[in-house]
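If you number the sequence shown the way the numbering used here does, the last residue is 183 and the count never jumps. Glycine included, each C-beta is placed from N, C-alpha and C at the ideal position. Here is the structure we will look at, set down as structure tokens.
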Amino acid sequence: MIGEVGKPERVTQDRVIALFGALGYRYLGDWSKRGDCSNVEESILSAWLQKRGYSSQQIVRALQKLRDESRSHSRSLYENNRKVYELLRYGVSVQVDVSTPSETVWLIDWANPEANDFAIAEEVTLTGSFERRPDLVLYVNGIALAVIELKSSRVGVGEGIRQILSNQSPEFHEWFFSTVQI
């Protein structure tokens, strides 16, 4: 667009948020001051699963399995991400007690995509040894599936790529990217 070169990143961020709003994404807010941001917003996912008819025991077990697979310290980020993908794509097998067969808890409704809860949050604060804030995070049913890093047009695309890659390193916030698929 003519006149847009050199505009602050904020202008672009507002436009991207508006675009996702037009696509039906729910705006979760500016999370720059919010504590405990996660790649799995358990309250959102739990509420969605409850609306889908899963019992509280099934939800607790599915959340535990998702947490375990996404935060395993014995595997690489790639392997954690692969395990999470399997849960997202094929569901989570849970057994409430030994007398009942396992059932599949679907974290994403692949058959009816419009039944999912699409949401966007901005400036998602990741805390730990270092604090970072991805510009935009796209959540599906409370699970972070995409991160968008915006840069001013005066900054090369390589800088944005370097920032995303450094955010995924163990010394920063590798754990957050175990659910991110894009």
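Excluding its 5 nearest sequence neighbours in each direction, residue 28 has C-beta neighbours in its own chain below 7 Å: 18, 22 and 121, listed in chain order.
At the C-beta level, residue 41 and residue 63 stay beyond 8 Å of one another. Per the C-alpha coordinates, the member of 89, 136, 180 and 98 positioned closest to residue 16 is 136. Contact check for residue 46 against residue 117 fails: the beta carbons are separated by 8 Å or more. Rounded to whole angstroms, the separation of the alpha carbons of residue 80 and residue 34 is 31 Å.
Residue 149 is bridged by DSSP to 137.
Uninterrupted alpha helix (DSSP H) stretches at least 4 residues long and entirely within the segment 41-68 occur at 43-52, given in chain order. The three-state secondary structure of residue 118, taken from DSSP, is coil. Rounded to the nearest whole angstrom, the CA to CA distance from residue 53 to residue 103 is 17 Å. DSSP places residue 31 within a strand segment (E or B) once states are collapsed to three. In its chain, beyond the 5 residues on either side, 135, 138 and 181 have a beta carbon closer than 6 Å to the beta carbon of residue 148.
In the three-state reduction of the DSSP assignment, residue 109 falls in the coil class.
According to DSSP, residue 94 shares a beta bridge with 105.
In this structure, DSSP gives residue 78 a helical state, which the three-state scheme calls helix.
Going by DSSP, residue 21 is part of the alpha helix (DSSP H) stretching over 10-23.
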